[in-house]
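Which chain is which? The protein sequence lines are A and B, in order. Under our numbering, the first residue of the first sequence is numbered 55, with each subsequent residue one higher. Under our numbering, the first residue of the second sequence is numbered 28, with each subsequent residue one higher. All residues carry an ideal CB built from backbone N, CA and C; glycine is no exception. Reading through the structure tokens given below for one structure.
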Amino acid sequence: MLDPRLLEQLRSVLPAERVLTTPEELEVYAFDGTAILRQQPACVVIPDSVEQVAHVLRLATEHGVPVVTRGSGTGLAGGSVPSEGSIVLCLVQLNEILDVDTANLTMTVEPGVVTQAIADRAAAAGLFYPPDPGSIRISTIGGNVANNSGGLRGLKYGVTRDYVMALQVVLADGQILQTGTHCVKDVAGFSLRDLFIGSEGTLGVITRITLKLIPQPQAKATLLGLYDEMTDAAETISAIIADKIIPCTLEFLDRTTTECVEEYAHIGLPTDVGAVTLMEVDGHPAQVEEQAARIEQIARAHGAREVRRAESAEQATQLASARRTAFSALARRAPTVILEDVTVPRSRLAEMVSTIQRIGVTHDVTIGTFGHMGDGNLHPTFLTDENNTQEMARVEEAMKEIFQATIEMGGTITGEHGVGLAKKPFLPDAVGPVAMDLMRRLKKDFDPAGILNPGKIFD
Amino acid sequence: MSLDEPNLLKDLDYSIVQQCMHCGMCLPTCPTYAETLQERSSPRGRIAMMRAIADDRLDVSQAFAEEMYFCLGCLACQTACPAGVDYAELIETARAEVERRGVLDTPKRNVIRSLLLRRLFTSRRHLHRLGRLLRLYQRSGLERLVRVLGLLRLAPRSLRELEPLSPRISPRFTHELFASDYARKNPEEPSYRVALLAGCIADICFANVNTDTIEVLQANGCEVLLPAAQQCCGSLHSHNGEVELARGLARENLDAFSAETGGLEHLDAILVNAGGCGSHVKHYDRLLAGDAVYAARAHSWSHKAKDIHEWLAEIGVRPARPAAAPPDRPLRVTYHESCHLKHGQKISDAPRAILAAIPGVEMIELMEADWCCGSAGVYNITQPEMSMRLLDRKVGHIIDTGAVVIASGNPGCTVQIEHGLRQRGYTARVEHPVSLLAAAYRAESPKE
């Protein structure tokens, strides 16, 4: 229960219909896209201006009440799952695209804009916003920045961080910070902007974002490789990179994932394959043509049963869209799907893939794997049932082993989903005590009262 | 709420409730979420509430009940859902539970529901009687008089707003027309034998669409039967929490169609030309799965039930020949997808194929063609504000196409969209794709 005085103060700042407290309303903000985690907040507020956000934070600091910021609630590590007694600060109404600057190649937006809308607006101006997380049609840019989201194009174009030029952030005490500029070069002081990217709502609330755009590539070719053996697919990927080709997308799906995706999308994926790779090159037409031909050659030389090429832009989009449904489509197989996000140096890919398979067998758990092979970011997904406590215990053991193996290979426990609640126990092992200590000190300085998304990333 | 209290949501197979993994893929396709940006008005939010009820963490409250009826039931979420959540089953069960508990009961609501769902839409006789009465009102000049004198101002606001949405009553109803004119036009050596479900509203308000359907079927080698004892399909009841009434109507239809066709096994297809009805009757098997007497027949019914576009595509519709007197300019047509045709039945290409079989049609794709127009059964009556917001959005896109004909395969959409166009002073008309094809057949130049 929230202090009635605080509630009254919130209602004086926001319209009544934007302060939600009924059991029905609290229930629907009790979760994000992460399996199993659920906690009702004490209240949900939906501001539509920076001033309202600042007001809410001032009140929260004054009353010592935690604030959990969220957008569309598609997070995959529980980062926006409310903490007990918290105020959920939902930013979906802050959803204006404020400016598209074609002279400086930037776009300035509010945090609640859905990322797809940014990509579309950029494309309409002949420009390109490359980061494309699987949830691009749903997730908001604020959440993307707060989690430093990746996507299918990470390999060539990088991740959200590489496109953030400036941020407006409301600090815990309600002060408004402007960090970064619209300049390509800017070394005036510490890059505070970069601290907020990937901070998962623990350091401040991002209320405005200036993004970098690049020219739209002129041409694109999309290929689909079908393999009997997963390791052949992994070796193809390594061979493409070793051949000094940087495709914009190098995705793969294992057999289980392929079956589920095909069951949903009906795009003619064969379901008797060991692995499917989705490979895309973009750039100058001549170069695209040359690289596509070379990739096809490499794939065949590494045991691809078949290599298909998308015949039209629509077909290419259809393939990429189908790939984006992989995680959700796996839910066809089991009541609970737990998605992991381990990432290893690319040279260790084939090894990691077979390690995951072995761990699944050892612990008798079903794992569907897909992911961004080109950048070493894998999504082993446990297909289980949260009500089956025995199996859940085995899942936990398998998960620990996968994390252990990742760290041993010089990888990371999360490539793009963030730490949130789900990876919190594994963070100290992954980054070490010095980093943990420094992060805690930073957090204390930014948020002395500890009201911003407490209990996420670390305690 | 105690654990042992009966609850339809708890009785539902838990795997259906648990299937949603709240990824949010449904959010951008949900019209009520897009308009409100409130999580409770999204499919994911609604399912979360249902699950909370099944798990005893939430009551079947008035707020819950209202949210269940704020949902359009357009099923766009079901198309978007990679996890394969059966939202139709969930929302119908949730509404049935709301009705079972009487959470929304008020004397007025009870009277209206009883009149509509129990009396009117369970009896074709009553519907016909009302139809004749309305026809008299519309034809006698009384309607004009009422409008001119502004007498509607005396009526309650809800009725006043509804009046322009009431469709025109057909001069003669489907069954009369069939008996007098169409039954004898069946081909002598048919390739197929099919039975038509004429619908309840369509029977009296869109008799022309039914006769056009019959004409097109006959022109494509089908012998058409129109069982006389058929009733409303029951979708209205099922969507409004009255599952038992829906089962009763399904049984009546199974009886009528079996008795009057010599048995379902002698039919190649049971055809429906309304997206909403088709989506419902295809699930008679599920509806009557627990019925020892009817389950087997319902199963065979569901196998034979087909949407008209689907059927025509399946048998290879005959394209119309160029008109004897072709118009100077092509007919600009756009296509609005009925939700229950697209999302309920996954039929999207077949209607476009039918439009492509018509010479002189210039097809212009509609933005958000599969976004609900706000008609949604009785939604435009129960939720007029949201319904009109969606209608505005739809009509805006239609106007952008510059089309003079909007093709659409569901009577509810037709009435709604025509109303929206008239309101904005547009004269474009809404036609069933099959009616356009029938007209093209009629205009054909004689065979060489």
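Local Cβ density within 10 Å of residue i, reported as buried at 16 or more and exposed below that
| i | result |
| --- | --- |
| R145(B) | exposed |
| H320(A) | exposed |
| T394(A) | A small correction: the amino acid at residue 394(A) is Glu; Thr does not occupy that position in the sequence shown. Result: buried. |
| A296(A) | exposed |
| T59(B) | buried |
| S42(B) | exposed |
| F436(A) | buried |
| K212(B) | exposed |
| S29(B) | Annotation note: pLDDT 44 at S29(B) (below 50); position unreliable, no value reported. |
| S366(A) | exposed |
| G462(A) | The amino acid occupying residue 462(A) in the given sequence is Glu; Gly does not appear at that position. E462(A) is exposed by the Cβ-count criterion. |
| G343(B) | exposed |
| G472(A) | buried |
| Q444(A) | exposed |
| K498(A) | exposed |
| P120(A) | buried |
| Q106(A) | buried |
| Q94(A) | buried |
| M55(A) | exposed |
First through last residue of the alpha helix (DSSP H) which encompasses residue i
| i | result |
| --- | --- |
| D286(A) | 284-296 |
| N280(B) | 270-286 |
| E412(B) | 411-428 |
| D483(A) | 481-485 |
| E94(B) | 89-97 |
| R378(A) | 367-378 |
| V112(B) | Element bounds for V112(B): n/a, residue is neither H nor E. |
| F457(A) | 443-462 |
Residue i: first and last residue of the uninterrupted beta strand (DSSP E) it sits in
| i | result |
| --- | --- |
| E334(A) | 329-337 |
| V320(B) | Where V320(B) is concerned, there is no enclosing beta strand (DSSP E), given that its DSSP letter is neither H nor E. |
| V221(B) | 219-224 |
| E313(A) | Counting along the chain, E313(A) falls outside any beta strand (DSSP E), though it belongs to the alpha helix (DSSP H) covering 309-319. |
| G422(A) | 420-426 |
| R456(B) | 456-458 |
| T466(A) | Where T466(A) is concerned, there is no enclosing beta strand (DSSP E), given that its DSSP letter is neither H nor E. |
| R359(A) | 358-363 |
Any non-hydrogen atom of the ligand HEM closer than 7 angstroms to residue i Cβ
| i | result |
| --- | --- |
| T303(A) | The ligand content of the structure shown is nil, which means the ligand HEM is not present either. |
Within the chosen definition, does the segment 452-462 of chain A reach the segment 408-415 of chain A through at least 3 CB pairs nearer than 8 angstroms? yes
Given 8 angstroms as the limit, is there contact between the segment 345-365 of chain A and the segment 286-298 of chain A, that is, 3 or more CB pairs closer than that? yes
Segment contact, 8 angstroms Cβ cut-off, at least three pairs: the segment 73-82 of chain A with the segment 65-85 of chain B: Judged by Cβ distances under 8 angstroms, the segment 73-82 of chain A makes contact with the segment 65-85 of chain B, as three or more pairs qualify.
Within 8 angstroms, do at least three Cβ pairs link the segment 183-195 of chain A to the segment 376-388 of chain A? yes
For the segment 130-140 of chain B against the segment 389-404 of chain B, are there 3 or more C-beta pairs whose distance is under 8 angstroms? Fewer than three pairs of CB atoms, one per stretch, sit closer than 8 angstroms, so the segment 130-140 of chain B makes no contact with the segment 389-404 of chain B.
Using a Cβ distance threshold of 8 angstroms, determine whether the segment 245-254 of chain B contacts the segment 442-462 of chain B, with at least three qualifying pairs required. no
Entirely within the segment 154-219 of chain A and at least 4 residues each: give me those alpha helix (DSSP H) ranges in chain order. 169-178, 195-201, 208-211
With contact counted as at least three CB pairs below 8 angstroms, one residue from each stretch, are the segment 327-336 of chain A and the segment 245-259 of chain A in contact? no
Ordered list of alpha helix (DSSP H) runs contained in the segment 347-406 of chain B, each at least 4 residues: 366-369, 376-383
Can at least three beta-carbon pairs, one atom from the segment 104-120 of chain A and one from the segment 211-231 of chain A, be found at a separation below 8 angstroms? Contact between the segment 104-120 of chain A and the segment 211-231 of chain A is present: 3 or more CB-CB pairs across the two stretches fall below 8 angstroms.
Quick check: the segment 120-133 of chain A against the segment 169-184 of chain A, are there 3 or more CB pairs under 8 angstroms? no
Contact between the segment 84-95 of chain A and the segment 198-207 of chain A (3+ Cβ pairs under 8 angstroms): no
Contact between the segment 224-240 of chain B and the segment 299-306 of chain B is defined here as three or more beta-carbon pairs at a separation below 8 angstroms; is this criterion met? A contact is defined here as three or more CB-CB pairs under 8 angstroms, and the segment 224-240 of chain B meets this definition with respect to the segment 299-306 of chain B.
Listed in chain order, which residues of the segment 374-406 of chain A have Cβ atoms closer than 7 angstroms to some Cβ of chain B? Cβ contacts with chain B come from T379, F381, S382, A383, A385, R386, P389, V391.
Which residues, taken in chain order from the segment 96-120 of chain A, show a beta carbon closer than 7 angstroms to some beta carbon of chain B? none
Cβ-based contacts, 8 angstroms cut-off: residues of the segment 98-131 of chain B near chain A: C108, P109, A110, G111
Using a beta-carbon distance cut-off of less than 9 angstroms, what residues from the segment 134-152 of chain A approach chain B? C144, V146, Q147, N149
Indicate whether the contact test is met: 3 or more Cβ pairs, each with one atom in the segment 204-222 of chain A and one in the segment 233-248 of chain A, closer than 8 angstroms. yes
Please determine if the segment 471-487 of chain A and the segment 425-432 of chain A are in contact, where contact requires at least 3 C-beta pairs separated by less than 8 angstroms. no
Touching or not, the segment 47-55 of chain B and the segment 98-118 of chain B, by the rule of three or more beta carbon pairs under 8 angstroms? For the pair of segments examined, the segment 47-55 of chain B was found to touch the segment 98-118 of chain B: the number of CB pairs separated by less than 8 angstroms reaches three.
Chain B contacts from the segment 70-92 of chain A (Cβ-Cβ distance under 7 angstroms): From the segment 70-92 of chain A, only T76, P77, E78, E79, E81, V82, Y83, F85, G87, A89 have a Cβ closer than 7 angstroms to chain B.
Segment contact flag, the segment 145-163 of chain B with the segment 253-270 of chain B, C-beta cutoff 8 angstroms, min 3 pairs: yes
Secondary structure, alpha helix (DSSP H): runs of 4+ residues fully inside the segment 72-140 of chain A: DSSP runs (the alpha helix (DSSP H)) wholly in the segment 72-140 of chain A: 77-81, 104-117.
For the pair the segment 118-136 of chain B and the segment 379-398 of chain B, tell me if three or more CB-CB distances fall below 8 angstroms. no
Using a Cβ-Cβ cut-off of less than 9 angstroms, list which residues of the segment 201-232 of chain A approach chain B; keep chain order. none
Indicate whether the contact test is met: 3 or more Cβ pairs, each with one atom in the segment 300-318 of chain A and one in the segment 203-210 of chain A, closer than 8 angstroms. Between the segment 300-318 of chain A and the segment 203-210 of chain A there are three or more inter-stretch CB-CB distances shorter than 8 angstroms, so the stretches are counted as touching.
At a cut of 8 angstroms, does the segment 360-370 of chain B reach the segment 303-312 of chain B through at least three beta carbon pairs? yes
Determine which residues of the segment 358-381 of chain B have a Cβ less than 8 angstroms from any Cβ of chain A, and write them out in chain order. none
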